[in-house]
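Protein chains in written order, with UniProt numbering: chain Z, 1 to 106; chain P, 1 to 342.
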């Protein structure tokens, strides 16, 4: 199991154990982490699972692909560390990953 | 008042379930007309995930969402359904003769004996962009679509976005606007490359402005916008703006369905599981928009709901006719309706 930490906009931390192969979005929904809406259910079609990847983790997590970058155009306050959490797959190297949730989704 | 289109069954929503309902209703000789807010059939399958695979359509180990829509259109072609696209159904009322009158946001009028709501997650509407305070300017200065080009003549127009709509309107409004500024988060555009090249050419000729960044603030008076601030990699830019055209994609909203006097259960329409009829006799709800104990929002469940709804609709439209249950495999009368050669 891989440990993920979500920091809500009000600063509350949510630590969850995630299965490899699942997405960071799915684990947020399963654990009722507030602020991740995932309106489209993970099809990379809505930009409502937007997160900021902690600076220390951006290199490991990697860059968004073109389709995700297109979708990020619809997100609120996009930063260089922005990702759509439905497009981040949990794997061993991400053990300890920290992501923050923006003030609002789209 | 415009002409009235009459049909047996008026279907609100041309997603996969609305389309398949045409097939089931067609087998029982009911003519259908579908209305959808999108510009083409397919609903979420066409708008949200056309290229994504679906793995739980019986008989198809995998099928692309747009491919499913195309096959459904082929399947219902023998029944020649009517389509009205780019319209939101705004009004639904019962007439004295028991039929229903359905009206759209462009004042078209339809009359049908049965109405089927197959509206999925609701109607797709332009997403309000995440710009603080934008609500205050929506009446006077913000447009989410171009209905009349004249509305932009002589204005300082700011188009926000990087897709086809944003590029199309940047190019089309350039000749009529006082100035067009295109604002996009990054230098790459997802719009058709040809239009992106045309836009770059206009910028190089100083005929338009291109600003890279995100709109962070609006300024104006009495609801009328006069400028906005773009936060970019090199700091803030002030841009004159009296017409703002943001293209931030579509979102689904229940919309006018909530105003038709039907019982609702958390933005869904409760139905029975025999007929899938709403609290109003003659109005049915199938697919993602309905609710009943055990409801699953699956395309295959919607197909089943369409088949059962059809039996009840037939009793309303032809109350004295005896309904004979037949299989498409063997029934010669069904073959005739489907255009299958003997």
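All residues carry an ideal CB built from backbone N, CA and C; glycine is no exception.
Taking 7 Å as the upper bound on Cβ-Cβ separation, chain Z lies near residues 52 of the region 51 to 68 of chain P. Per DSSP, residue 94 of chain Z lies in no alpha helix (DSSP H) and is assigned neither H nor E. Taking a beta-carbon distance threshold of 8 Å, residue 32 of chain Z does not count as an interface residue toward chain P. The DSSP-derived three-state label of residue 165 of chain P is helix.
Counting along the chain, residue 117 of chain P sits inside the beta strand (DSSP E) bounded by residues 109 to 117. Of the residues P:42, P:90, P:56, the one whose Cα lies closest to the Cα of residue 106 of chain P is P:90. Residue 92 of chain P places its beta carbon less than 8 Å from that of residue 100 of chain P.
Per DSSP, residue 316 of chain P is not a residue of any beta strand (DSSP E); the alpha helix (DSSP H) it occupies stretches across 299 to 317. DSSP places residue 25 of chain Z in the uninterrupted alpha helix (DSSP H) bounded by 24 to 30. A Cβ-Cβ distance of about 11 Å is found for the pair residue 337 of chain P and residue 25 of chain P, leaving them out of contact under the 8 Å criterion.
Restricted to the region 34 to 91 of chain Z, the beta strand (DSSP E) segments that are unbroken, complete and at least 3 residues in length are 50 to 53, 82 to 84, listed in chain order.
Taking one beta carbon from each stretch, the region 44 to 59 of chain Z and the region 24 to 36 of chain Z have 3 or more pairs nearer than 8 Å; the two touch. For residue 32 of chain P, DSSP records a beta bridge to P:9.
Taking a C-beta cut-off of 9 Å against chain Z, none of the residues of the region 273 to 301 of chain P qualify.
Cα atoms of residue 255 of chain P and residue 122 of chain P: separation of roughly 7 Å, rounded to the nearest angstrom.
A straight line joining the alpha-carbon of residue 202 of chain P with that of residue 227 of chain P spans about 22 Å.
Of the candidates Z:95, Z:89, Z:106, Z:104, the residue whose Cα lies closest to the Cα of residue 21 of chain Z is Z:89. If you check the CB distance, residue 237 of chain P and residue 216 of chain P do not come in under 8 Å. Residues of chain P whose Cβ lies closer than 7 Å to the Cβ of residue 104 of chain Z are, in chain order, 130. Straight across, the Cα-Cα distance linking residue 194 of chain P with residue 335 of chain P is about 47 Å. When DSSP states are grouped into helix, strand and coil, residue 296 of chain P belongs to the coil group.
Annotation: the continuous beta strand (DSSP E) that includes residue 246 of chain P extends over 243 to 246. Among the residues facing chain P, residue 40 of chain Z is included, as its CB has a counterpart in that chain under 8 Å away.
Under the DSSP definition of a beta bridge, residue 235 of chain P partners with P:232. Under the 8 Å criterion on CB atoms, residue 37 of chain Z is classed as non-interfacial with respect to chain P. Non-local beta-carbon contacts of residue 61 of chain Z in its own chain, meaning distances under 8 Å to residues more than five positions away in sequence, involve 53, 83, 88, 94, 97 in chain order. Taking C-beta separations shorter than 6 Å and ignoring five residues to either side along the sequence, the partners of residue 284 of chain P in its chain run 116, 276, 277, 309, following chain order.
The DSSP-derived three-state label of residue 172 of chain P is helix. By the C-beta criterion, the region 171 to 183 of chain P is judged not to be in contact with the region 264 to 271 of chain P, since fewer than 3 inter-stretch pairs fall below 8 Å.
Annotation: residue 1 of chain Z to residue 11 of chain Z spans about 24 Å, alpha carbon to alpha carbon.
Chain-ordered, the chain P residues with CB closer than 8 Å to the CB of residue 77 of chain Z read 130, 214. Counted as a single uninterrupted DSSP element, the stretch harbouring residue 43 of chain P is not any beta strand (DSSP E) but the alpha helix (DSSP H) occupying residues 43 to 47. Pairwise C-beta distances place the region 153 to 167 of chain P in contact with the region 234 to 249 of chain P, as three or more of them are shorter than 8 Å. When 7 Å is used as the limit between beta carbons, residue 43 of chain Z is near these residues of chain P: 48, 49, 52, in chain order.
Interface criterion met: the Cβ of residue 127 of chain P is under 8 Å from a Cβ in chain Z. Excluding five sequence positions before and after residue 133 of chain P, the CB atoms of its chain that fall closer than 8 Å to its own CB belong to 217, 218, given in chain order.
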